[in-house]
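A.B. asks: Submitted below is the structure of interest, expressed as C-alpha cells.
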Amino acid sequence: MTKQNTITRAQALEYAIAHCDNDAVIEVLRKMHAQVTKPRKKSDAPTKTQLVNANLCKAAIEAFKAHGNEGYDVKWISNHVNGILTNQKATAVMRFGMTNGLIERNQDGKAITFRAI
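If you count the sequence shown from 1, you need to add 256 to reach this note's numbering.
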C-alpha cells in the first residue's frame, strides 16, 4: 500500500510555480511542467520483431501450401522454412500467425500441428 503523502512530479512543479517569486525560474518551471504533463502517444508502427515474424509467417504459409497444407509440427517448420532455425522461433512465428488469423492450430493428444487457413 502506498503512502498518501506522496505527490507526483507535476504536482511538485505546480507547487513550486505557485510559491516562487523569480520570473526566470517560474518560466523554467512552466517548461518543465509542460514536458511532464505532455500526453504520451504510443506509436502504431510495427516493431522490427513484428515485421520479421510477419515475413517468416508468410514464408511458412507458402511452405505449407507447397507441401499440401497438411498439419505440420514445429520441428518440420524449423527444418523446411528458410529463416526459422529453432523450434522456439517456429513457435513464436506460429503464435504470431494465429493471432492474425493466418494459421490454424490443431491438437491431437500431445501432438500439436499447424496449417494455413
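All residues carry an ideal CB built from backbone N, CA and C; glycine is no exception. Note that the structure is a prediction, hence the values are computed from the model and not measured.
Which same chain residues, not among the five before or five after Asn343, have their C-beta less than 7 Å away from its C-beta?
C.D. replies: For the purposes of this step, residue 343 is taken as residue 87 along the sequence shown, with counting starting at 1. If we look at Asn343 and ignore the five residues flanking it on each side, its Cβ neighbours are Val330, Lys331 and Ser334.
A.B. asks: Assuming contact is defined by CB atoms lying nearer than 7 Å, are Val349 and Cys313 in contact in what I supplied?
C.D. replies: Locating residue 349 in the sequence shown gives position 93, counting from the first residue. Locating residue 313 in the sequence shown gives position 57, counting from the first residue. Yes, these two residues count as a Cβ contact at 7 Å.
A.B. asks: For the alpha helix (DSSP H) containing Asn309, name the first residue and the last one.
C.D. replies: As a first step, residue 309 is located in the sequence shown; it is residue number 53 there, counting from the start. Per DSSP, Asn309 belongs to the alpha helix (DSSP H) from Lys304 to Ala322.
A.B. asks: Rounded to a whole number of angstroms, what is the C-alpha to C-alpha distance between Thr347 and Ala266?
C.D. replies: Translated into the one-based positions of the sequence shown, residue 347 becomes position 91. Translated into the one-based positions of the sequence shown, residue 266 becomes position 10. Cα-Cα distance, rounded: 44 Å.
A.B. asks: What number of angstroms, rounded off, separates the C-alpha of Ala372 from the C-alpha of Asn362?
C.D. replies: As a working mapping, residue 372 is identified with position 116 in the sequence shown. As a working mapping, residue 362 is identified with position 106 in the sequence shown. Ala372 and Asn362: Cα-Cα distance of roughly 11 Å.
A.B. asks: Is Asp364 buried or exposed, if buried means 16 or more other CB atoms sit within 10 Å of its CB?
C.D. replies: On the sequence shown, position 108 is the one that residue 364 refers to. Burial call: exposed.
A.B. asks: Assign Asn343 to one of three DSSP states: helix, strand, or coil.
C.D. replies: Locating residue 343 in the sequence shown gives position 87, where the first residue counts as 1. Note: Asn343 maps to helix in three-state DSSP.
A.B. asks: When the Cα of Asn356 is compared with those of Gly327, Ala319 and Asn311, which residue comes out closest?
C.D. replies: Position 100 of the sequence shown, counted from the first residue, corresponds to residue 356. Out of Gly327, Ala319 and Asn311, Asn311 has the C-alpha closest to the C-alpha of Asn356.
A.B. asks: Assuming Asn356 is part of the alpha helix (DSSP H), what are its boundary residues?
C.D. replies: For this step, residue 356 is matched to residue 100 along the sequence shown. Here Asn356 belongs to no alpha helix (DSSP H), and DSSP marks it neither H nor E.
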